[in-house]
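One structure is given below, encoded as structure tokens.
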Amino acid sequence: MRVLLVDVLGQGEEGRKATIDVIGAGPRAVAGVLERCGVDVDLATYDRISKVKLRRYDALFVSAMTVDFPAARRVLSIWKRIVGRGIAVVGGPLACNPYDALARAGFDLCVIGEAEQTLEELIERNFDAEDVKGVGYVEREDVVVNPLRPIMPRESYDQYIPSVEVVRSYPLFFASRVYVEVVRGCSNYYRTTLPLPDGRQCTGCNKCRTGELEERYYCPVEIPPGCGFCSVPSTFGPPRSRSVKKIVEEVEGLIEEGCKRIVLSGSDILEYGRDLLVEPEPLTDPRSPEPNYEALEELFSAVKSIPQVEKGEVFVGIENVKACLLTEEAAKLLGKYFAGCPVHIGCETGDEEHARAIGRPSMPREVVEAVRRLKRHGLQPYVYFIHGLPGQNKRTARQTVKIMREVARAGAEKITIYRFQSLPMSAFEDMPSGPPAARDPLSMEIVREGERINLSLKEKLMGSTVKAVVAAKYPKIPNSLVAYPIYHGPVIVVRGSSDLIGAIVNVRVTGILSSRAVRGEVLEAVRPSRG
Ligand code: SF4
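Read in order, the letters of the sequence shown are residues 995 to 1525 in my numbering.
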């Protein structure tokens, strides 16, 4: 069997990819399972689909987020028009709503939650989905959803190796941030106390906040775990960490393929190895125990000792932390290995009561303190907020604006504001998504303040020197190139010939082009494009 795996992650509406230089961990994980089952798999990105000889394939797999619905549906319609046979399977967050994935988009099968074991079973049974856990399918025009698959134990999860070869199918893989999953799941089993549309409401039993770890897993009124807007704990369960050996092998494999920017990913890097401290209990407490400093040190030092990383030819960064786990010791450890790297912290709302009602594991004050700590240890704190959340009111919006100013004063280098989007399998699944900020004065207050702060932070970038990887020609300006900062940051447009593509360069920022791009001049090529 020959499978075409199409990555539409983050595509959203056609032609409007949210982040252009990101290669997520999910599609490579799926490709790894298919390779392990002896299936021939090729990967294509959404924008390349028209160039693929579709008739060569027997099955279509699509990896998509909820917002990628239009792009996923378009890929499927091209497939049906040109191939008109073979099974079409969708996975990723879009699949968590089987009605959308099957009845509305038209896929034959959707894989809900952790895909590895489900895919293996499906392949073994030649895609006969009956009795396969974690699958939705269509039978006589009805959507059938099988029971969910229990979360994989750590040892089973660690056996799966994401494909490294398929990374070369991404057009700008050598300049993109390639995500390597090091820990899966989230330990926040607190729950929202806001009343849900179907009448469920927290009774205040406090089991999910003060109970034993096992007890926190179940809520007597079946409110999904985690922050109300998030589906990570209900989809992927509590954290499980991969072994250092497997992670290092994967990073080395990606480097061999030519990748230069790698991100050790997870919903929180500080969860790495915490599960080992409470095993065999599930890690369902977001605050205790503290991070597993030994496990973190072992991982970081092993990855940073890979020769190409040590020599500065390849950059390895991290992404997210929860404020409640960012102790002084944790910040010091991150500073030791990742100085200069951006670290994202979710604040989401600046109002303490609102934060508690949503089910947040950390309070806004802790986020301000975490920003200070990261800054002190040489990292670049980025802070997330969400507008339009259930429970947003005048007080929460004002408090959010206030905390945004405080995190900026404490040293945040960027503020990212999302609009609340109701996600399948989250507690807020049946709540309406937040309106666009233009239609809600309170959301507008939050968005405007974020823009104001970011503009002044971007002005600070002027004249600074940034290390970047040259990715491609910039089509809008002759003799210009696009470069991506090695860790994260706005796209940089520089003058130069295409010989520089693939090179690591030092760039001085000379101007602002748009909210997502700056102009710069190349000072020197630190590493040439080849070798
Ligand atoms: S969300 Fe559920 S488990 Fe948590 S306190 Fe409320 S009723 Fe108890």
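The beta-carbon is built from N, C-alpha and C at its ideal position, and this holds for glycine as well. Note that the coordinates shown come from a computational prediction; the quantities given were computed from them, not determined experimentally.
Placement of the Cβ of G1198 at a distance of less than 7 angstroms from at least one heavy atom of the ligand SF4 is found. In chain order, Y1331 place their CB closer than 6 angstroms to the CB of F1294, counting only its own chain and leaving out the 5 sequence neighbours on each side.
Every beta strand (DSSP E) of 3 residues or more that sits fully in the region 1184 to 1266 is shown, in chain order, as 1255 to 1259.
Under DSSP, the beta-bridge partners assigned to E1175 are S1259. About 19 angstroms separates the beta carbons of P1189 and M1419, which is beyond the 8 angstroms limit, so they are not a contact pair. Judged by their CB atoms, K1452 and G1405 are not nearer to each other than the 8 angstroms cut-off.
Shown here, V1033 sits in coil according to DSSP, grouped into three states, outside any helix or strand.
Under the three-state reduction of DSSP output, R996 falls in the strand class. The three-state secondary structure of Y1412, taken from DSSP, is strand. In the DSSP annotation of this structure, A1123 is not part of any alpha helix (DSSP H), being labelled neither H nor E.
Using a 10 angstroms sphere on the CB of S1508, the tally of other CB atoms stays under 16, which defines it as exposed. Short of 6 angstroms from the beta carbon of R1162, and not among the five residues preceding or following it, lie these beta carbons of its own chain, in chain order: E1251. Shortest gap from the CB of R1203 to any heavy atom of the ligand SF4: under 7 angstroms. Excluding residues up to 5 positions away in sequence, V1158 lie with their Cβ nearer than 7 angstroms to the Cβ of G1247 in the same chain. When secondary structure is reduced to three states using DSSP, C1318 falls in the helix class. Counting along the chain, K1298 sits inside the alpha helix (DSSP H) bounded by residues 1287 to 1298. Per DSSP, P1418 has no beta bridge partner at all.
Counting along the chain, the unbroken alpha helix (DSSP H) around T1112 starts and ends at 1110 to 1118.
For L1054, there is no enclosing alpha helix (DSSP H); the residue is found in the beta strand (DSSP E) stretching over 1053 to 1057. The residues V1460, A1462, V1476, A1477, Y1478, P1479, V1501, V1503, A1511, V1512, R1513, G1514, in chain order, have a CB closer than 8 angstroms to that of I1486 in the same chain once the five nearest residues on each side in sequence are set aside. Between D1001 and Y1040, the C-beta gap is smaller than 8 angstroms, which places the two residues in contact. Per DSSP, F1309 is one residue of the beta strand (DSSP E) stretching across 1309 to 1312. Residue state for N1140 is assigned as coil, using DSSP reduced to three classes.
Three or more beta-carbon pairs drawn from the region 1219 to 1234 and the region 1269 to 1282 are found closer than 8 angstroms, and the two stretches are therefore classed as touching. The region 1186 to 1200 makes no contact with the region 1272 to 1288: fewer than 3 CB pairs, one atom from each, lie closer than 8 angstroms. The beta carbon of Y1154 lies closer than 8 angstroms to those of A1023, G1026, V1027, R1030, E1110 in the same chain, with the five residues before and after it left out. In this structure, L1290 sits away from L1258, with a CB-CB distance that is not shorter than 8 angstroms. In this structure, DSSP gives T1504 an extended state, which the three-state scheme calls strand.
F1223 is positioned such that its CB atom lies closer than 8 angstroms to that of L1417. The region 1344 to 1352 makes no contact with the region 1310 to 1318: fewer than 3 CB pairs, one atom from each, lie closer than 8 angstroms. Among the bridge pairs identified by DSSP, I1017 is matched with V1172.
With contacts defined by Cβ atoms closer than 8 angstroms, I1397 and V1365 do not form a contacting pair.
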